[in-house]
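Residues 55 to 450 (this note's numbering) are what the sequence shown spells out, left to right.
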Amino acid sequence: MTTDRTPLAEAAAEARALVRRHAADLGDPVAFLGAQFDAGLAWVHFPEGRGGRGWSRSAQAEVDRVLSEAGAPDGYARNPIGHGMAAATILAWGDDAQRDRYLRPLWTGEEIWCQLFSEPGAGSDLAAVRTRAVRDGDTWVVDGHKIWTSMAHHARFAILLARTDPEQPKHQGLTYFVCDMRAAGVEVRPLRQITGEAEFNEVFLTGVRVPDTARLGAVGDGWRVARTTLGNERVAIGARPEPREGGMAGLTARLWRERPERRSHGLHRRLLHGWVRAEAARLAGERLRQLMELGAPGPEGSAGKLAFAVVNQELSGLAVDILGEDGLRFGDYTMTRPTELAFFGKDPTWDYLRSRANSIEGGTSEVLKNVIGEQVLGLPREPAVDRGIPWKDIPR
Ligand SMILES: Cc1cc2nc3c(=O)[nH]c(=O)nc-3n(C[C@H](O)[C@H](O)[C@H](O)COP(=O)(O)OP(=O)(O)OC[C@H]3O[C@@H](n4cnc5c(N)ncnc54)[C@H](O)[C@@H]3O)c2cc1C
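Have a look at this one:
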């Protein structure tokens with residue numbers, strides 16, 4: 055690395071050099087993303103050899119800007135759980151063999167990841183998971199029922215939270231694994247959403263054998279490992295640089311310009327109000343990314359995710375109101391199983407319907423308010439009647 059350039063200029067120069075060297079691969083996501091990983095420009099704050107260079111996170115935005123302007127592929131939409139959650143967890147808790155095995159094909163999208171956390175009785179109260187993993191020599195035998203598993207239908211691997219010691223209090227008897235979704239005993243069934251699509255699934259695990267080499271972190275330490283995943287999930291949802299033209303308010307503002315006959319003082323006031331809130335959320339996201347320079351995402355990530363949900367629901371609702379009757383027509387309700395995860399961008403009515411999930415996925419808005427109250431504002435903790443009691447003795 056030369057020293058006569060600022061780190062951001064260095065990052066931009068390296069990204070331009072990557073584009074020059076791999077111009078022929080721009081239309082081939084696996085080839086280009088592989089080259090990006092090998093150049094250390096995938097996650098620039100990761101160590102060398104792991105898709106990064108040990109640079110500060112702020113250089114990533116510069117790399118992404120140059121690559122996006124050059125029309126380079128973006129692997130996030132095809133593998134959001136891999137990119138947004140699994141990679142940081144593997145880096146933080148995996149051993150070298152696991153990092154070598156998983157990170158590169160995750161980045162290139164050759165291997166898609168999903169998240170086997172939520173269960174019918176364990177969503178907000180995630181530490182209540184009942185899926186059992188029982189040790190059998192060098193493997194673990196896993197039985198359980200997971201739900202709301204986005205992208206499980208085309209995932210190769212899953213991050214899995216399972217109970218390994220029911221004698222321990224609920225947060226202590228958990229262990230974190232990587233589960234091969236092609237293993238015998240994994241059954242994926244689609245769950246249809248309000249949009250008609252089945253983006254998520256329920257997953258039944260019956261006698262699934264997971265090698266101990268696929269364990270992330272120590273036995274019984276799964277809750278700490280899961281917290282790394284959850285912190286990154288909230289940032290991945292709430293503080294991604296805004297990909298839409300005009301930001302979160304962009305589409306709604308365009309509809310406002312295109313439909314002068316629908317304008318009213320009330321709708322105008324809502325548009326300006328929404329735009330101000332979208333700007334505040336964007337700037338808060340920017341600040342959060344800067345804070346993350348100092349370390350792993352903290353409870354502030356919950357505020358970013360909460361703000362994203364509120365503003366996106368507000369603005370997508372306003373878009374439907376601007377469209378009037380047209381906003382109530384939803385052309386195609388055929389069940390599809392998408393291979394990319396999108397929060398918006400298909401049509402305004404789809405955006406409105408999909409945005410209902412924003413206040414549930416990655417932690418509900420109510421739960422995030424609890425996190426902010428307790429961990430940011432220092433308010434008293436919610437009472438917990440099951441603290442310190444062995445999990446097996448907690449009434450269910
Ligand atoms: C689109 C989508 C994709 C998802 N993808 C995945 C995935 O890939 N993998 C995965 O593991 N999970 C996934 N989830 C699940 C998601 O994490 C859970 O739905 C969420 O954590 C809420 O859990 P729950 O559905 O069990 O609701 P519950 O926890 O039963 O909550 C029900 C209601 O009670 C409220 N509530 C619960 N506890 C409290 C409290 N302490 N204080 C105040 N209010 C409370 C909640 O806010 C909510 O309104 C996805 C969900 C959605 C909508």
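For each residue, glycine too, the CB sits at the ideal point set by N, CA and C.
Note that the coordinates shown come from a computational prediction; the quantities given were computed from them, not determined experimentally.
### Distance, R107 Cα to E116 Cα
14 Å
### Message
For the stretch 405-423 against the stretch 369-388, do three or more pairs of beta-carbon atoms, one drawn from each stretch, fall closer than 8 Å, so that the two count as touching?
### Response
yes
### Query
Skipping 5 residues on each side, what residues in its chain have a beta carbon closer than 8 Å to that of G274?
T218, D219, Q222, Q226, G227, L228 and T229
### Task
Please work out which residues of its chain come closer than 8 Å, Cβ to Cβ, to V262, disregarding the five sequence neighbours upstream and downstream, and give them in chain order.
V195, V196, D197, C233, A237, A238, G239 and V240
### Message
Whole angstroms are fine: how far does the CA of H322 sit from the CA of F163?
### Response
Rather than Phe, the amino acid found at residue 163 in this sequence is Gly. For G163 and H322, the distance between alpha carbons rounds to 42 Å.
### Message
Within a Cβ cutoff of 6 Å, which residues of the same chain sit near D150, ignoring the five residues on either side of it in sequence?
### Response
none
### Query
For ligand 1, any of its heavy atoms closer than 7 Å to the Cβ of N133?
no
#### Entry: Length of the line joining the Cα atoms of G148 and L270
5 Å
### Message
At 3 residues or longer, what runs of the beta strand (DSSP E) sit wholly inside the stretch 229-304?
### Response
240-245 and 254-265
### Query
Is A212 closer than 8 Å to Q169 when the C-beta atoms are compared?
yes
### Message
Any heavy atom of ligand 1 inside 7 Å of the beta-carbon of G177?
### Response
yes
### Message
Check whether the stretch 301-320 and the stretch 376-395 touch, using three or more Cβ-Cβ pairs below 8 Å as the test.
### Response
yes
### Cα-Cα separation between F100 and A141, rounded to whole angstroms
10 Å
### Message
Using C-beta distances below 8 Å, list every residue in its chain close to T185, excluding the 5 sequence neighbours before and after it, in chain order.
### Response
The residues are L170, E173, V196, D197, G198, H199, K200, L214, L215, A216, R217 and L259.
### Query
In terms of DSSP beta bridges, what is Q169 paired with?
I213
### Task
Go ahead and pull the three-state DSSP assignment for K459.
The question about residue 459 has no answer, for the chain in this structure spans 55 to 450.
### heavy atom of ligand 1 below 7 Å from A307 C-beta
no
### Message
Is it buried or exposed, Q114, if we count other Cβ atoms within 10 angstroms and call 16 or more buried?
### Response
buried
### Task
With a threshold of 7 Å, establish whether the CB of Q169 neighbours any heavy atom of ligand 1.
The answer is yes for Q169.
### Opposing strand residues paired with T390 [DSSP bridges]
Looking at the DSSP assignment, T390 forms no beta bridge with any residue, so it has no partner.
### Task
Under the assumption that W161 contacts G129 (Cβ atoms under 8 Å), give the Cβ distance between them as a whole number of angstroms.
6 Å
#### Entry: Helix, strand or coil at V183 [DSSP, three-state]
Looking at V183 - three-state DSSP - the assignment turns out to be coil, as it is neither helix nor strand.
### Task
With a 10 Å radius around its C-beta and 16 neighbouring C-beta atoms as the bar for buried, classify N366 as buried or exposed.
buried
### Task
Kindly examine ligand 1 and report whether one of its heavy atoms sits closer than 7 Å to the Cβ of G416.
yes
### Message
Quick check on A206: buried or exposed, where buried means 16 or more other Cβ atoms within 10 Å of its Cβ?
### Response
Classification for A206: buried.
### Message
At a threshold of 7 Å, does V365 count as lining ligand 1 (C-beta to nearest heavy atom)?
### Response
no
#### Entry: Cβ pair K359, G417 closer than 8 Å
yes
### Endpoints, the alpha helix (DSSP H) within which G385 is located
No residue range can be given for G385, since it is assigned to no alpha helix (DSSP H) and is classified by DSSP as neither H nor E.
### Supposed contact pair R391 and P265 - C-beta distance, whole angstroms, cut 8 Å
That belief does not hold up - the Cβ atoms of P265 and R391 are roughly 29 Å apart, past 8 Å.
### Distance cut-off 7 Å: T203 Cβ against heavy atoms of ligand 1
Because some heavy atom of ligand 1 lies under 7 Å away, the Cβ of T203 counts as near it: yes.
### Supposed contact pair A67 and L95 - C-beta distance, whole angstroms, cut 8 Å
Between A67 and L95 the Cβ distance is about 11 Å, and since that is not below 8 Å, they are no contact.
### Boundaries (first-last residue) of the beta strand (DSSP E) holding D197
T193 to K200
### Query
If we call anything under 8 Å between Cβ atoms a contact, is F86 one with A131?
Contact flag unset, no.
### Query
Can you find a C-beta in chain B that's less than 8 Å from the C-beta of A141?
No chain B is present in this structure, which holds just one protein chain.
### Message
Applying the 10 Å Cβ sphere with the 16-neighbour rule, what's the burial state of D79?
### Response
Under the 10 Å beta carbon count, D79 is surrounded by 16 or more other beta carbons and is classified as buried.
### Task
Quick one: give me the first and last residue of the alpha helix (DSSP H) that N412 is part of.
Neither: N412 is in no alpha helix (DSSP H) and is coded neither H nor E.
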